[in-house]
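Peer 1: Numbering (the UniProt record's numbering), first residue to last: 1 to 124. Here it is: the structure, laid out below.
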């Protein structure tokens with residue numbers, strides 16, 4: 001259960017990084033909520049890789065490049081799910097704030113992320 005708790009902590013930090021990046025992009029650039037979200041997801045993936053690598057799972061026995069590629073592959077797959085849920089919510093409920101849609105989408109993607117990272121990236 002310790003690893004799951006650390007994963008939730010890492011995910012929480014990643015969520016804050018994602019939300020902060022999204023908020024900054026929406027506030028300081030002309031980007032809309034859909035394009036800004038693509039960039040914020042990329043930032044959050046970078047943050048969570050380092051946290052998961054050092055706190056949640058420990059580095060894998062693979063080299064950092066291979067581990068990073070695997071992490072990126074799982075991250076992209078789960079980010080697609082995250083982005084599709086986020087976009088669907090905003091399209092269905094256009095008055096909803098983007099950060100609320102981000103929250104729901106991130107929760108949906110979290111279970112997929114844990115399964116992918118624990119089995120495909122940091123397996124021993």
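Even glycine gets a Cβ: it sits at the ideal position worked out from N, Cα and C.
Taking the continuous alpha helix (DSSP H) assigned at residue 115, which residues delimit it?
Peer 2: Per DSSP, residue 115 belongs to the alpha helix (DSSP H) from 98-116.
Peer 1: Please state the DSSP three-state secondary structure of residue 123.
Peer 2: It is coil, neither helix nor strand.
Peer 1: Check residue 27 in the structure and name its three-state DSSP category.
Peer 2: Three-state DSSP puts residue 27 in a helix.
Peer 1: Verify whether the separation of the beta carbon atoms of residue 93 and residue 33 is less than 8 Å.
Peer 2: No, they are not a contact pair.
Peer 1: Using a Cβ-Cβ cut-off of 7 Å (strictly less than) and excluding sequence neighbours within five positions of residue 10, which residues of its own chain qualify?
Peer 2: Cβ within range, chain order: 48, 51, 52, 55, 56.
Peer 1: Assign residue 36 to buried or exposed, taking buried as 16 or more other Cβ atoms, counted over all protein chains shown, within 10 Å of its Cβ.
Peer 2: Answer is buried; the Cβ neighbour count reaches 16.
Peer 1: Taking only three categories from DSSP, how would you classify residue 88?
Peer 2: If DSSP states are grouped into helix, strand and coil, residue 88 belongs with the helices.
Peer 1: Return the CA-CA distance between residue 106 and residue 2, expressed in angstroms with no decimal places.
Peer 2: Taking the straight line joining both Cα atoms gives about 21 Å.
Peer 1: Taking residue 122 as the reference, which of 71, 44, 13, 23 has the closest Cα?
Peer 2: Checking every option, the nearest Cα to that of residue 122 belongs to 71.
Peer 1: Hey, how far is the Cα of residue 116 from the Cα of residue 27?
Peer 2: Near 33 Å, if we compare the C-alpha coordinates of residue 27 and residue 116.
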